[in-house]
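A.B. asks: This structure is in structure tokens; I'll ask about it shortly.
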């Protein structure tokens, strides 16, 4: 089903211009991911709502985003501090969301977003706007992972790719055909996304590095943004997958899992199953079949 809105999942630790990392400076934020979120939302006059529900430190997280968007010139940024399910029924919140151009979900625990917002009147407004308006849903780390229908809820890297190491649950279902993982490179999450692919071999796995994201239009056309990499797992032509045959805790084996590494400017067309490599990269084919 076609939608008018835009999804922007981010791998976490995106540049906020706060100087905590020498790469993340004010000069960079003006060309970074949050700047792209603002442009996709309609510019500095856009109504942007920050939802820190996933975070264990929602006040601090909210202040960081207010400061970051302020540095980008935004003056119409609001915090929607939802800590209980009843908060997602607050009439003031519902009216504000109806007027919004963008909602930004923070990092933390993705299960909290589903628990407190999924299926509520606020969730229905967000989905209706996403489907019928030029509305942006952005999310970092947990806020990105919750976007999929089948959502990773946890799993340690030490037990990676043993059956049951990755825990799955239902996400917000903004996009049905992806399973998204965040902090992918720094936290070594290759194995847990690979197990998710073994469990759901009709989905495409998206591993987002930090300060890296995707701009997804019409649930189909994807563009890589940010300073890192996107690792794409395509299990749709697996030759061997023994996940259903082995007991819990046992190592698994799969073959013919296709892996692609994409960087800033590269594009993915889901329906056509094609990758379009940015011309700024070294000599490569213009389009590679998945």
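Residue numbers (the numbering used here): 11 to 300.
For each residue, glycine too, the CB sits at the ideal point set by N, CA and C.
Predicted, not measured: the structure shown is a model, and the values here were computed from it.
#1: Where do the N-terminal and C-terminal ends of the beta strand (DSSP E) with residue 231 fall, by residue?
#2: Shortest alpha-carbon distance to residue 288 belongs to which of 271, 280, 257?
#3: Report the option in 96, 79, 95, 83 whose CA atom is closest to the CA atom of residue 5.
#4: Given this structure, state the Cα-to-Cα distance separating residue 269 from residue 55, to the nearest angstrom.
#5: According to DSSP, simplified to helix, strand and coil, what is residue 50?
#6: Going by CA-CA distance only, name the one from 263, 248, 193 that's closest to residue 255.
#7: According to the neighbour-count rule (16 or more other Cβ atoms, all chains shown, within 10 Å of its Cβ), is residue 23 buried or exposed?
#8: Rounded to the nearest angstrom, what separates residue 179 and residue 155 at their Cα positions?
#9: What is the residue span of the beta strand (DSSP E) that residue 191 lies within?
#10: Compare the C-alpha of residue 100 against each of 112, 114, 75, 130 and name the closest.
#11: Taking 6 Å as the limit between beta carbons, can you name the residues of its chain near residue 65, skipping five residues before and five after?
#12: What's the call for residue 62, buried or exposed, on a 16-neighbour Cβ count within 10 Å?
#13: For residue 209 and residue 50, I'd like the C-alpha separation in whole angstroms.
#14: Hey, could you find the ends of the alpha helix (DSSP H) residue 106 is sitting in?
#15: According to DSSP, is residue 77 part of a helix, a strand, or is it coil?
#16: Measuring only the C-alpha atoms, how far is residue 233 from residue 276?
#17: Is it right to say residue 167 is buried, meaning 16 or more other beta carbons lie within 10 angstroms of its own, or is it exposed?
#18: Start and end of the alpha helix (DSSP H) containing residue 19?
#19: Quick check: the Cα distance between residue 32 and residue 46, rounded to an integer number of angstroms?
C.D. replies: Well, looking at it:
#1: 231 to 236
#2: 271
#3: Since the first and last residues shown for the chain are 11 and 300, residue 5 lies out of range.
#4: 40 Å
#5: Three-state DSSP puts residue 50 in a helix.
#6: Closest option to residue 255, Cα to Cα, is 263.
#7: Residue 23 comes out buried.
#8: 11 Å
#9: 188 to 191
#10: 130
#11: Within the same chain, residue 65 has close Cβ partners 71, 116, 118.
#12: buried
#13: If I take the Cα positions, the gap works out to 34 Å.
#14: 101 to 109
#15: Residue state for residue 77 is assigned as helix, using DSSP reduced to three classes.
#16: Looking at the two C-alpha atoms, the distance is approximately 6 Å.
#17: exposed
#18: Careful: residue 19 lies outside any alpha helix (DSSP H), inside the beta strand (DSSP E) at 16 to 20.
#19: The predicted position of residue 32 is uncertain, since its pLDDT is 34 and thus under 50; no value can be drawn from it.
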